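*Asks:*
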Amino acid sequence: MQDAKRKAILSLPKQHTILKEFSKNIDDMLNAPKANKRPYKISQHGEERIDNYHWMRLSDAQKMAETPDAQTQEVLAYLQAENEYTAQKMAPFKDLQEEIYQEMIGRLPQREESVPYQMGGYTYGQRYEEGQEYPIYYRIKAGQTEEEILLDLNALAADKAFFQLASFKVSPNGQKLAYTFDDSGRRIYKMAFVDLQSKTTSPIVLQGCSGDIAWASDNEHLFFTARNPETLLSEKVYRYRLGQKQEEAVLVYEEEDKSFYTGVYRSRCQEYIIIWNSSTLSSDYQLLEADQPLGQFWNFMPRQANHEYSIGPDGQGGFYILSNQEAPNFKLLHSSKENTAQQASWSLILPHRPTVFLEDLTVFKDFYVLQERKEGQTHLRLITADKDEYLPFEEEVYMVAMGQNHHFEERNFRYIYGSMTTPNSVYAYHLEDGRKELLKQQEVVGGHTPADYQTERLWVEARDGAKVPVSLVYKKGFKKDGKNALLLYAYGAYGHTVDPYFSAARLSLLDRGFAFAIAHVRGGQALGRDWFEQGRVFNKKNSFYDFIDVAQSLCLQQYSSAEKLFGMGGSAGGLLMGAVANMAPTAFRGLVAAVPFVDVLNTMSDASIPLTTNEYDQWGNPEEEEAYRYILSYSPYENVQAQYYCAILVTTGYHDSQVQYWEPAKWVAELRDKKLDQNTLLLHTNLEAGHGGASGRFQAYKELALEYAFLFACLAEDEA
């Protein structure tokens, strides 16, 4: 088999200018880790598939066992072999990787403070101390100067390989603290309690939480969500009284529809405890007066199929409502408390507009702020009793979003502004005089001059005529002669839009001659709800086609060439990379697929895998033959072929609960077995982390430095 594969490689067409016929490289590729094949039959809709690497799948119990069984040992041995191979292949670029890493963390101020905010008679804030991986949360009482430490995450994470704070909430009287954290990487949280008067931590720790916390007004009861330990769906909401054992907590709501997520929060006006339920296409809410924790929740309105809405209590007995009922891009309405269940009685404030997408709403006592998106660009719209205005922004391509606004009665509001050239900045907009006040701008140690860089917005016509927006940045002096390297990034799912954001770490690419682009492909909502609809379920391939078409257009416009063009995406964006690798194997020099969702068909066919049932409306349910056939036609794992592939770096986390580690591991094994080239294929598994990668302020940059070094390694190989 090895000799046959060598001959196949050497017989590939000479026109592949990327292909390098060095026998040393071929031998190295043939000596890469080889996973054992154990055929596993899968029968669906009258046909059989063989999964040779199904054996790589471990249960949580196997992974967490003190003594690993034989299967676990074999899986770990394979993952470790891949890690060693990655280290071996990247060894010539180890110094460059370390240089890039030091640049990235060197741009971070060693001591950094957040913008403090006022709440309940205290000023709250967080800061990083020099050399520390995690923040310290503190507060200062009004009229005093002495700082009170609430949580020092460095101390909490001291003996842990992974630590992540999900949320922390101080009780209304300011005397108690509840916080949720993850120390495994699987986003199954624990909840702990601190008495801020006595500075004592309760020995009681609640297990299996989702991260949500909502205090009742009595300072004794709180509400939290619990995860299903198998599916990881947040399907139950409990009322808990301080000091109780966890089994004494009272179940107040259970979501029976497995396609819904559930959470709980306290409204900004502090009047309600609100349970939210959301699927891809529907949502609803249950409410309880916060001063009546033992009362019964009431339903805002009966749940309806294909009706998504969100609510904002106005603090005066009514509610603002964003609804997509007969309004794909949403409309704004208002209802009294008595009439929430009767849609016909809701009053219309802003009608549906085909070209403007209403993304979000933040309600204050005397005004509200709408976040709107038009032609791919976000706008903030301020509306009072006598004013309706858009905040002006100077740059052509930028990102803006609401910031921390804890005071419902505040007369100004905070927002975050940035662009691909301008560091993220926190502003306060003063309602009385329209003044914008800069509170903090992200510091780039060593200096950063936005004028040294250029950002553009392009529109690329896809193969079906759709116009795809592209955000682009490069250092001035960049020549559009087709000789430059370019990294093209995209996500393209769940209606999530990747805005043109600033990244200090990205300067390590730009300053070395790279351009960086974001393709706002279908599946996101850059151009409104229809843009999302055109990229999900039976339209999913549009996301892949858009990315390929943008890549080819950038080459035609000579921003780069196929020999120096790279693609990158993570999670659902990793699926994008997997599909593109199969569909357009010569369009890129290399791809980076981070925690990639590449085993789509098998995952969506198994309801026991975490989060699967919630995502049928995103990808389709393979129990239905039409959905099965469509997913089968693009799922990266099933579509690996005996063909040329560009260089690929794949990353994953052993404890990932969203995209299980075995998806990328199986995909890499299948690629190694079938691909007919000697281009680099690497798998790096963080054996301590989950979906978000390493925890800690500095550690997270190590994986990004590896990804960037991989890009330069590919370019160096071509220049050899």
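Residue 512 in the numbering used here sits at position 512 of the sequence shown; the count goes up by one each step and never skips. Glycine included, C-beta positions come from ideal geometry on N, C-alpha and C. Bear in mind the structure is a predicted one, so any value in this text is a computation, not a measurement.
1) What is the residue span of the alpha helix (DSSP H) that Q88 lies within?
2) Leaving out five residues before and five after Y491 in sequence, what residues of the same chain have Cβ atoms less than 7 angstroms from its Cβ?
3) Around the C-beta of N542, are 16 or more other C-beta atoms found within 10 angstroms, so that it is buried, or is it exposed?
4) Looking only at its chain, what residues have a beta carbon closer than 6 angstroms to the beta carbon of P450, apart from the 5 residues adjacent to it on each side?
5) Thinking S608 and R187 are a contact (beta carbons under 8 angstroms), I'd like their distance in whole angstroms, please.
6) Quick check: what's the CA-CA separation for N299 versus E308?
7) F22 to D718, Cα distance in whole Å?
8) Work out the CA separation of L681 and Y645 for me, nearest whole Å.
9) Touch check for the segment 476 to 490 and the segment 554 to 562: three-plus C-beta pairs under 8 angstroms?
10) Using CA atoms only, rank isn't needed, just tell me which of S259, E148, S198, L361 is closest to S278.
11) Evaluate the contact criterion for the segment 533 to 548 versus the segment 573 to 587: three or more CB pairs, one atom per stretch, below 8 angstroms.
12) For D159, which of A551, D183, E220 has the nearest alpha-carbon?
13) List, from N- to C-terminal side, the beta strand (DSSP E) runs of 3 residues or more that fit wholly inside the segment 106 to 193.
14) Which residue comes first and which comes last in the alpha helix (DSSP H) that contains R672?
15) Could you give the uninterrupted runs of the alpha helix (DSSP H) lying entirely in the segment 533 to 606, keeping only those of 4 residues or more?
16) Do you know how far the Cα of P33 is from the Cα of Q80?
17) Can you list, in chain order, the residues of its chain whose CB lies under 7 angstroms from that of A166, leaving out five sequence neighbours each side?
18) Is DSSP giving K5 helix, strand or coil here?
19) Compute the Euclidean distance between the alpha carbons of F710 and F502, then round it to the nearest angstrom.
20) Should the segment 508 to 517 be regarded as contacting the segment 110 to 120, the criterion being three or more beta carbon pairs within less than 8 angstroms?
21) Might you give, ordered along the chain, the residues of its own chain that have their beta carbon closer than 7 angstroms to the beta carbon of S347, omitting 5 neighbours on each side?
22) Which residue marks the beginning of the alpha helix (DSSP H) containing W619, and which one marks its end?
23) Going by beta-carbon coordinates alone, are E670 and N52 separated by less than 9 angstroms?
24) State buried or exposed for T225, treating a residue as buried only when at least 16 other CB atoms are found within 10 Å of its CB.
25) Along the chain, where does the alpha helix (DSSP H) that runs through A709 open and close?
26) Where does F193 land, buried or exposed, given buried means 16+ other C-beta within 10 angstroms?
27) Identify, in the order they occur along the chain, each residue of the same chain with its Cβ nearer than 6 angstroms to the Cβ of F538, setting aside the five sequence neighbours on each side.
28) Where does W215 fall in DSSP's three states?
29) What's the C-alpha gap between Y708 and Q97?
30) Can you check whether the CB of L287 is closer than 9 angstroms to the CB of H221?
31) Do you know how far the Cα of A290 is from the Cα of R239?
32) State the DSSP-derived secondary structure class of L332, mapped to helix, strand or coil.
33) Cβ atoms of L242 and L196: under 9 angstroms apart, would you say?
34) So, for E461: in the same chain, excluding its five sequence neighbours on each side, which residues have a beta-carbon less than 7 angstroms away from its beta-carbon?
35) Helix, strand or coil: how does DSSP classify T384 here?
36) Ordered along the chain, which non-local residues of its own chain (more than five positions away) have a Cβ less than 6 angstroms from that of E395?
*Replies:* To lay it out plainly:
1) If you look at Q88, you'll find it in the alpha helix (DSSP H) that goes 70 to 90.
2) In its chain, beyond the 5 residues on either side, V498, G524, G569, A572, G573 have a beta carbon closer than 7 angstroms to the beta carbon of Y491.
3) By the 10 Å Cβ count, N542 comes out buried.
4) Here the set comprises T421, T422.
5) Actually they are not in contact, since the Cβ atoms of S608 and R187 sit about 17 angstroms apart, beyond 8 angstroms.
6) Distance between N299 and E308, taken at the CA atoms: about 15 angstroms.
7) Residue placement at F22 is flagged as unreliable, the pLDDT there being 35, under the threshold of 50; a coordinate-derived value is accordingly withheld.
8) Rounded to whole angstroms, Y645 to L681 spans 9 angstroms at the Cα level.
9) In short, these stretches touch, since the Cβ pair count reaches three.
10) Here the closest residue by C-alpha is S259.
11) In short, these stretches touch, since the Cβ pair count reaches three.
12) When each option's Cα is compared against that of D159, the closest is D183.
13) Qualifying beta strand (DSSP E) stretches, in chain order: 117 to 119, 122 to 128, 136 to 141, 147 to 152, 164 to 170, 176 to 182.
14) Taken as a continuous stretch (DSSP letters only), the alpha helix (DSSP H) holding R672 covers 662 to 674.
15) Those alpha helix (DSSP H) runs which fall completely within the segment 533 to 606 and span 4+ residues are 541 to 556, 572 to 583, 600 to 604.
16) Taking the CA atoms as reference points, Q80 sits about 10 angstroms from P33.
17) Here the set comprises T180, F181, D182, Y189, G211.
18) A caution first: K5 carries a pLDDT of 39, below 50, which makes its placement in the model unreliable, though a value can still be read off. K5 carries a helical assignment under DSSP once its states are collapsed to helix, strand and coil.
19) If you take the alpha carbons of F710 and F502, they lie about 22 angstroms apart.
20) With a cut-off of 8 angstroms, the segment 110 to 120 and the segment 508 to 517 do not count as touching, because too few Cβ pairs lie within range.
21) Around S347: L333, H334.
22) Segment 616 to 619, the alpha helix (DSSP H) holding W619.
23) Note that the C-beta distance between E670 and N52 is below 9 angstroms.
24) Buried.
25) Its alpha helix (DSSP H) spans residues 700 to 719.
26) Under this definition F193 is a buried residue.
27) If we look at F538 and ignore the five residues flanking it on each side, its Cβ neighbours are Y630.
28) W215 carries a strand assignment under DSSP once its states are collapsed to helix, strand and coil.
29) Whole-angstrom Cα-Cα distance: 8 angstroms.
30) Cβ atoms of H221 and L287: not closer than 9 angstroms.
31) As the crow flies, the alpha-carbon of R239 is around 12 angstroms from that of A290.
32) Per DSSP, reduced to three states, the secondary structure at L332 is strand.
33) Contact flag unset, no.
34) For E461, where only same-chain residues beyond five positions count, the Cβ hits under 7 angstroms are K467.
35) T384 falls in the coil class under three-state DSSP.
36) If we look at E395 and ignore the five residues flanking it on each side, its Cβ neighbours are S419.
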